[in-house]
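*Asks:*
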Amino acid sequence: MEPVQSAAPPDPRRMIAYLLVGAVMISFSGVWVKISSVSPTASAFYRAFFGGIFLLAGAVWRREIRRLSLRQNGLILVCGGLFALDLICYHYSIHWVGPGLGTILPNLQVFIMALAGLFFFKEKLRPLYWCAIPLAVCGLMMVVGIRWHDLGRLYKLGIYAGLVASLCYAAFLLSLRKLQADDRKVSFFYVLLLVSLITAALIGLEMLGSGESFVLPDRKALFSLWALGLFSQCLGWILIAAALPHLRVSQSGLILLLQPALSFVWDVVLFGRPTGALNWAGVAVVLAAIYMGTVGGKCRSGA
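See the structure below:
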């Protein structure tokens, strides 16, 4: 009887390609939100709703629909609530400060995740992480301008919204991590489907309560929100989730910096964001700090 051969490990080059394509897809999130010309809440709803529809079709095709336990359903509900808050804050930030800075700010979640690992999971942080925090603050000041008092009220609110989005996003990822740790048989694909639909339902209830209309103004809004759901909520997430377990943290962290970096580029190129040498330098500093926070955020004992 011949021994059973284990499955060959995934091709690293293919995994890198998945991560690159996924990061590029998600980098257009702010662009789709901006050109949809609908309210931040409406764009957040349709992102989750359309994304959930695409994921549902994929889950049916892959035969991944399954019954979950009460505990799992509770965790997914928590994930959906946190992701709904994250999307609403993120989309408001895009409206007030633009797709570039509005996407950089939520990516600061790497620092919150690392601190959560330190306090709740007893993980050690490398010195590189502690150097990254002041570097990120300095970089942000270079991007938004040194004189805080000269910024407009909505611009300041956009920065605050982006920072709150980073907090909500970190809490969402921690909840997702807990869910997957409890039952590794539940695929990320199916979990993302449920989270998307719950997120859409929660945001939809908020829209109903505030009397906000679900009607899209034109075909441009429909197309942009359809693209937001397909590429940012569905395909981009799937490609990144498929690649991350097979790549080094330093390697994946560097590649994923494409998302906020390209988002800033799209903001400048497509929407004419006023950007000088100091702002560009600030973007580079913030991205470097995010990378340092990613690779320095976890250290095994003795490392």
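Here my numbering is used: position 1 in the sequence shown is 34, and no number is missing along the way. All C-beta atoms in this analysis are idealised placements derived from N, C-alpha and C, irrespective of residue type, glycine included. Because the structure is a prediction, the values reported are computed rather than measured.
Going by beta carbon distance, what residues of the same chain come within less than 7 Å of Met58, once the five residues before and after it are set aside?
*Replies:* If we look at Met58 and ignore the five residues flanking it on each side, its Cβ neighbours are Phe264, Ser265, Leu268 and Gly269.
*Asks:* Kindly examine the ligand ADP and report whether one of its heavy atoms sits closer than 7 Å to the Cβ of Tyr324.
*Replies:* The ligand ADP is not part of this structure, which contains no ligands at all.
*Asks:* Just how far apart, CA to CA, sit Leu225 and Ser70?
*Replies:* Between Leu225 and Ser70, the C-alpha separation is close to 26 Å.
*Asks:* In its own chain, which residues sit with a C-beta less than 6 Å from the C-beta of Tyr51, not counting the 5 before and 5 after it?
*Replies:* Closer than 6 Å at the Cβ level, and outside the excluded window around Tyr51, lie Leu272, Ala275 and Ala276.
*Asks:* What residues in its chain sit with their C-beta under 6 Å from that of Val297, if we drop five residues either side in the sequence?
*Replies:* Residue identity check: residue 297 is Phe in the sequence provided, not Val. For Phe297, where only same-chain residues beyond five positions count, the Cβ hits under 6 Å are Gly133 and Val316.
*Asks:* Buried or exposed: which applies to Asn106, given that a residue is buried once 16 or more other Cβ atoms fall within 10 Å of its Cβ?
*Replies:* Answer is exposed; the Cβ neighbour count stays below 16.
*Asks:* Do you know offhand how far Ala314's Cα is from Glu156's?
*Replies:* Taking the straight line from one Cα to the other gives about 32 Å.
*Asks:* Using a Cβ-Cβ cut-off of 7 Å (strictly less than) and excluding sequence neighbours within five positions of Ser126, which residues of its own chain qualify?
*Replies:* Gly135, Leu138, Gly191, Ala194, Gly195 and Ala198.
*Asks:* Figure out for me which residue from Phe87, Leu207 and Gln284 has the closest Cα to the Cα of Phe152.
*Replies:* Among Phe87, Leu207 and Gln284, the Cα nearest to that of Phe152 belongs to Leu207.
*Asks:* Specify whether the segment 74-87 and the segment 228-248 touch according to this definition: at least 3 beta carbon pairs, one from each stretch, less than 8 Å apart.
*Replies:* With a cut-off of 8 Å, the segment 228-248 and the segment 74-87 count as touching, because enough Cβ pairs lie within range.
*Asks:* Are the Cβ atoms of Leu261 and Trp65 separated by less than 8 Å?
*Replies:* Yes. Within cutoff.
*Asks:* How many Å lie between Phe61 and Leu295 at the Cα?
*Replies:* Going from the Cα of Phe61 to the Cα of Leu295 covers about 8 Å.
*Asks:* Check Lys67 in the structure and name its three-state DSSP category.
*Replies:* Correct three-state label for Lys67: helix.
*Asks:* Rounded to a whole number of angstroms, what is the C-alpha to C-alpha distance between Arg306 and Arg95?
*Replies:* Taking the straight line from one Cα to the other gives about 42 Å.
*Asks:* Are the CB atoms of Phe116 and Phe205 nearer to each other than 8 Å?
*Replies:* Yes, Cβ-Cβ distance for Phe116 and Phe205 is below 8 Å.
*Asks:* What residue range does the alpha helix (DSSP H) around Ser296 cover?
*Replies:* Looking at the DSSP string, the run of the alpha helix (DSSP H) that includes Ser296 is Leu291 to Phe304.
*Asks:* Exposed or buried, what is Gly242 when buried is set at 16 or more other beta-carbons lying within 10 Å of its beta-carbon?
*Replies:* Per the 10 Å Cβ criterion, exposed.
*Asks:* Report the three-state DSSP secondary structure of Ser220 (helix, strand or coil).
*Replies:* The answer is coil: DSSP assigns Ser220 none of H, G, I, E or B.
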